[in-house]
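Taking it in order: structure first as structure tokens, then the write-up.
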Amino acid sequence: METLAMHISNGIINGPVAAVFAALALAALTVCVLRGRRDLDDRLAPMAGLVAAFIFAVQMLNFPIFTAGVSGHLLGGALAALLVGPWVGALCVAVVLVVQALVFGDGGVAMLGLNITNMALLGTAAAYLLIALLLRVLPRTPAGLAVTAFVSSVLSVLVASQGFIVQYWLGGTADLGGNLVGLAGTMAGAHLLIGIGEGLITATTVVTVAKVRPDLVYALRGLRPAAAPAVPAVGGVR
Amino acid sequence: MGAGHGHVLYRESASPVHRLPPEVKIVAMVVFTVAVVATPREAFWAFGGYALLVAAVAALARVGPGWLLRRAMIELPFVLFAVALPFLGTGERVAVAGLHLSVEGLYGSWNILAKGTLGVLASLLLAATTTSRDLIVGLDRLRCPQVLTQIATFMLRYLDVLIGEARRMRVARISRGDDPRFLWQLRGFAAGVGALFLRAFERGERVYLAMLSRGYTGRMPAVWQGAGAATTGQWLAAATVPVVAAAIAATAVVLT
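Protein chains in written order, with the numbering used here: chain D, 60 to 297; chain W, 987 to 1242.
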């Protein structure tokens, strides 16, 4: 049931609701494209590609939770928001979803709007709002960054999973009656575990990157004192 | 483009479907899927028509049914969800083989199974006949914003960089006496994931700089050279599938 929230397949949500969310996703992505174009410089372009590739690879790892029927995978919204910012980050996740839908049949093409709304828009937005808040509140140490990455990952996964519940409530094709609350609970519980896994991966990745190449972490750009010390690259090759 | 740019699902062949320009195939696939989803679930015959269409395209593309069905296993979690629906659903119930099943739930699971399977098969056919590089060229020709195609290009290119770097790090660990087995491998993976990311980024940055120095401006050469774009004839040829699907969907909507 878990993969359901992540990548909604064709026919799970009815046509009109899917169309409304497709329009919503298209409008939001247009804003992201306009804002992201300004962000995407020579340093961010390969980073965005790598973040997308990383999310793509990580989403392939489906891990079962509780029972065989319930499995889930990582989302990567928080990682994207931390490393390339909210606009390009949402685009990265959206690109991953589009390629998965077109080529791998993972998530229906007609349901792309719903999937993008949940994972690319809601997930990344929730993560970035939390990151912006926590980075101001917490001490600017690796531990503070790790906590920020962890908490924002957990929350972004939970928000994305509940986005599916709202969509199912609006236009689920099969009437579950009073079971919707139960579904919401199952989803939240399972995603708490996924979120913890995702939080650990995001935190280790971002802290390592921030230690070696702080210039690559978008979320730290405005906060660090100007002219961060030049750190030679690993292996010394640039 | 050299070898290695076809992805795992690509099936090398020279069939008429393979030769079609990618943008045509993408549009045909999307329209077909939308038509399938818009079909009322009570119109059982319509889904039979769609299945025939998929089978015809698969035969034309020389993609075997065994390959298609094996790859369609990605849908399995939804199948499990669909199987549970007749038991969870509310409302009127019927007795089937001694079980009291919800009619609403049965319709629901049929809906998910039929539409989901047809969608998965359609995208598998697209994947089997289009390389990832062609896919991006197609998206670009369809006026997809350059920021998106650029991210997608790098993503597909860096997937190989990432996998290669992970393999190198694993070899390095093994040659230093690590013994990665089933679960213990996870610990090494968790410790190395940050380093993997950095190493992949730095390799990827060099790839990017190499591309820039060879005249990369953010678009694939095949696009701005303008060669190979779809002709009207190719659009018309590919339009047969979505047009037939749309006709089936329209008939089904009128009849039910």
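C-beta: ideal position from N, C-alpha, C; glycine also.
Please look up how many angstroms separate the CB atoms of residue i and residue j, rounded, as I've assumed it's under 8 Å.
i          : j          : result
Asn73(D)   : Gly172(D)  : Not a contact, Cβ separation roughly 13 Å.
Gly108(D)  : Met1197(W) : Not confirmed; about 11 Å, so no contact.
Val92(D)   : Pro1131(W) : 5 Å
Gly136(D)  : Thr176(D)  : Actually they do not touch by this definition, with Cβ atoms about 12 Å apart.
Thr267(D)  : Phe1030(W) : About 55 Å separates the two Cβ atoms, so there is no contact after all.
Thr1116(W) : Pro1008(W) : 5 Å
Val210(D)  : Leu189(D)  : 6 Å
Cys151(D)  : Ile1137(W) : 6 Å
Ala1114(W) : Ala1047(W) : 7 Å
Asp1126(W) : Arg1205(W) : 6 Å
What does residue i touch in chain W if you count any residue whose Cβ is under 8 Å from its own?
i         : result
Gly254(D) : Result: empty, since nearest Cβ-Cβ is about 16 Å, beyond 8 Å.
Pro105(D) : Phe1140, Tyr1144, Phe1187, Gly1190, Glu1191, Val1193 and Tyr1194
Are residue i and residue j closer than 8 Å when you measure CB to CB?
i          : j          : result
Ile1012(W) : Leu1148(W) : no
Thr263(D)  : Val1016(W) : no
Leu1262(W) : Ala1224(W) : Residue 1262(W) lies beyond the range of chain W shown here (987 to 1242); nothing can be said about it.
Val1010(W) : Leu1111(W) : no
Ala202(D)  : Ala179(D)  : no
Val1227(W) : Val1023(W) : no
Tyr1194(W) : Ala104(D)  : yes
Ala112(D)  : Leu1145(W) : yes
Ala77(D)   : Ala160(D)  : no
Asn174(D)  : Ile71(D)   : no
Val143(D)  : Val196(D)  : no
Thr1237(W) : Glu1028(W) : no
Ser215(D)  : Ala191(D)  : no
Taking the alpha carbon of residue i as the point to measure from, which residue in the options has its own alpha carbon closest?
i          : options                                           : result
Ala219(D)  : Gly248(D), Leu134(D), Gly203(D) and Met170(D)     : Leu134(D)
Gly167(D)  : Thr1019(W), Ile1137(W) and Ala1029(W)             : Thr1019(W)
Gly1105(W) : Ala1231(W), Val1239(W) and Val1240(W)             : Ala1231(W)
Ser212(D)  : Thr183(D), Ala81(D) and Thr200(D)                 : Thr183(D)
Arg997(W)  : Leu181(D), Val162(D) and Ala208(D)                : Val162(D)
Leu194(D)  : Leu279(D), Leu93(D) and Leu259(D)                 : Leu279(D)
Leu217(D)  : Ala116(D), Ala249(D), Val206(D) and Ala87(D)      : Ala249(D)
Val1239(W) : Tyr1144(W), Ala1045(W), Ala1021(W) and Thr1203(W) : Ala1021(W)
Tyr1093(W) : Thr1203(W), Pro1026(W), Ala1235(W) and Arg1200(W) : Pro1026(W)
Ala243(D)  : Ile224(D), Ile255(D) and Ile253(D)                : Ile224(D)
Asn69(D)   : Arg1057(W), Arg1119(W), Ala1108(W) and Arg1189(W) : Ala1108(W)
Met106(D)  : Leu141(D), Ala77(D) and Ser215(D)                 : Leu141(D)
Leu138(D)  : Leu275(D), Thr261(D) and Arg272(D)                : Thr261(D)
Ala1235(W) : Phe1033(W), His1004(W), Pro1051(W) and Gly1163(W) : Phe1033(W)
Leu259(D)  : Trp228(D), Leu275(D), Met246(D) and Thr207(D)     : Thr207(D)
Phe1187(W) : Ile253(D), Val271(D) and Gly256(D)                : Val271(D)
Val1133(W) : Phe115(D), Thr89(D), Leu214(D) and Tyr187(D)      : Thr89(D)
Val975(W)  : His1004(W), Arg1205(W), Ala1014(W) and Ala1152(W) : This structure leaves residue 975(W) out entirely; chain W is present only between 987 and 1242.
Gly1150(W) : Ala116(D), Val79(D) and Arg94(D)                  : Ala116(D)
Ala1233(W) : His1004(W), Thr1135(W) and Gly1035(W)             : Gly1035(W)
Thr1103(W) : Arg1056(W), Gly1091(W) and Arg1185(W)             : Arg1056(W)
Residues of chain D with a CB under 7 Å from the CB of residue i: which are they?
i          : result
Tyr1144(W) : Gly108, Leu109 and Ala112
Thr1019(W) : Asn69, Gly167, Val168 and Ala169
Just the chain W side, please: which residues come within less than 9 Å of residue i by C-beta, in chain order?
i         : result
Phe80(D)  : Neighbours of Phe80(D) on chain W: none; closest Cβ ~13 Å, over 9 Å.
Pro273(D) : Result: empty, since nearest Cβ-Cβ is about 12 Å, beyond 9 Å.
Ile190(D) : Near Ile190(D) there are no residues of chain W at all, since even the closest Cβ is about 18 Å away, more than 9 Å.
With hydrogens ignored, establish whether the beta-carbon of residue i is closer than 7 Å to any heavy atom of the ligand PLP.
i          : result
Gly1150(W) : In terms of ligand content, the structure shown is empty, and the ligand PLP therefore cannot be addressed.
So with CB distances below 7 Å, who are the chain W contacts of residue i?
i         : result
Arg96(D)  : Val1133
Phe115(D) : Met1141 and Leu1145
Ile260(D) : Val1179
Kindly list, in the order they appear in chain C, the residues whose Cβ is closer than 7 Å to that of residue i.
i         : result
Asn174(D) : The question asks about chain C, but that chain is absent: this structure's protein chains are D and W.
At 9 Å on the CB atoms, spell out the chain D contacts of residue i, in chain order.
i          : result
Ile1234(W) : Neighbours of Ile1234(W) on chain D: none; closest Cβ ~15 Å, over 9 Å.
Met1015(W) : Leu161 and Val168
Which chain D residues sit within Cβ distance under 8 Å of residue i?
i          : result
Phe1183(W) : Leu109, Phe113, Thr264, Thr267 and Val268
Ile1012(W) : Leu161
Quick check: the stretch 96-108 of chain D against the stretch 144-155 of chain D, are there 3 or more CB pairs under 8 Å?
Enough Cβ pairs lie closer than 8 Å, so yes.
Stretch-stretch touch, CB-based, cutoff 8 Å, three pairs: the stretch 1153-1164 of chain W with the stretch 1026-1041 of chain W:
No: the two stretches stay apart, fewer than three of their Cβ pairs being nearer than 8 Å.
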